[in-house]
Amino acid sequence: MSYPNFLDLKFLPVKEAEAVILPIPYEATTTYGAGTREAPEAILAASRQLELWDAEEGWDPSAAVRLATASPLTPEVSGPQAMLDKIRKTVQPLVAQGKVVLALGGEHTITLALVQAMQTKYPDLNIVVLDAHADLRESYDGCKFSHACINRRLYELGRPLTLLGVRSYSQEESQLIKVAPRLKVFPAWELHTAEGWAQAKAHLQGLMGPVYLSMDADVFDPGILPGVGTPEPGGLGYAQVLELLRTVTQRGPVVGLDLVELTPLPGQRVSEFTAARVLYKALGYLYISRRP
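Numbering (our numbering), first residue to last: 11 to 302.
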């Protein structure tokens, strides 16, 4: 299996890179619209159409960062646990070498293994998730490793967890949000107010230590990025998401990130192109100190 290199850049071996795009086309527990396994290839293909010059920031991040696109991880068919083990074993050596991993899903379940791999080097990790759904259920359809439970599994890792852009959760999840001491949730309807937006930014600026950032594509309003499995109206705009990314990267090190849950739509390119742009913008923010 071979995918295009991110941004159509010249091939660079992973061992020579400082940042690695890791495609993970895994899909096993999606519950509504299917197709997120096709997202990594679609996003990488769309990235070939991006301008390398970031007009907003006035530089070319790709020229300043040794960036490799790794071979995609072949999905394990024996179950979610086997796939999570495979991701951990792949990512942990990269983290130990000080590389920044930018993973492309695939369903949100992959984030658990990515964060666990990061914790081996960064035990004081903060976890920040942009998501339309709380995903805090104990289990879903009898599966604890469903994509609908990912943030519950992340919370159980014992580190502070921040959710931004949420606009759908169950009564069970609502009760947990009220009492969980290490959990901070900023619903989308609060982020659409000046006061709520200021509070969210202040919270992100106050995080101490390294951050892992997970971006579920459905955090965007579906009018901006329609290609997701479970679209929710009332989402964040493109500029809002970029401002959150800027805020969290400016406050300290973001040691890894992922972009998950995109579902390419036949006859449309806006979703994968927007995702590719967001990923490139995030890369630029991570290394903005190198801007000439």
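For every residue, glycine included, the Cβ atom is placed at its ideal position computed from N, Cα and C.
The shortest CA-to-CA distance from T284 to any of V251, Q185, A198, V258 is the one to V251. When the five nearest sequence neighbours on each side are left out, the beta carbons in the same chain lying within less than 7 Å of the beta carbon of L255 are those of K291, A292, Y295, in order along the chain.
Between A212 and S12, the alpha-carbon positions lie close to 42 Å from each other. Here the alpha carbons of Q91 and Y222 stand approximately 21 Å from one another. Taken atom to atom, the span from the alpha-carbon of P71 to that of T257 is near 18 Å.
Taken in chain order, the complete beta strand (DSSP E) segments of 3 or more residues contained in the stretch 140-203 are 171-176, 193-197. Taking the Cβ atoms as the reference, L217 lies roughly 5 Å from N136, within the contact range of under 8 Å.
Bounds of the alpha helix (DSSP H) holding G294 are 280-296. Below 8 Å, enough C-beta pairs join the stretch 266-277 and the stretch 102-113 to call them touching: three or more. Excluding the 5 residues flanking it on each side, V24 has same chain C-beta neighbours closer than 7 Å at V30, A78, A80, in chain order.
Note on geometry: alpha-carbon atoms of S184 and A106 lie some 37 Å from one another. Straight-line spacing of the CA atoms in G262 and S224 works out to 16 Å. Distance from the Cα of L167 is smallest, within the candidate group D134, D151, K188, for D134. Taking one beta carbon from each stretch, the stretch 57-70 and the stretch 82-91 have fewer than 3 pairs nearer than 8 Å; the two do not touch. Shown here, T79 sits in a strand according to DSSP, grouped into three states. Straight across, the Cα-Cα distance linking E205 with I234 is about 24 Å. Scanning its chain for C-beta atoms nearer than 7 Å, with the 5 sequence neighbours on each side dropped, one finds around V75 the residues E28, A29, L293, Y297, in chain order. Annotation: Y165 to I120 spans about 15 Å, alpha carbon to alpha carbon. Within the stretch 201-260, the complete beta strand (DSSP E) segments at least 3 residues long are 221-226, listed from N- to C-terminus. Residues of the same chain with a CB within less than 8 Å of the CB of H118, apart from the 5 flanking positions on each side, are D141, D145, H157, I160, S224, D226, V270, E271 in chain order. A29: member of the beta strand (DSSP E) spanning 29-34, first to last residue. Taking every protein chain shown into account, the CB of V189 has fewer than 16 other CB atoms within 10 angstroms, so this residue is exposed.
A123: not part of any beta strand (DSSP E); member of the alpha helix (DSSP H) spanning 120-129, first to last residue. The alpha-carbon of G244 is positioned some 40 Å away from that of F21.
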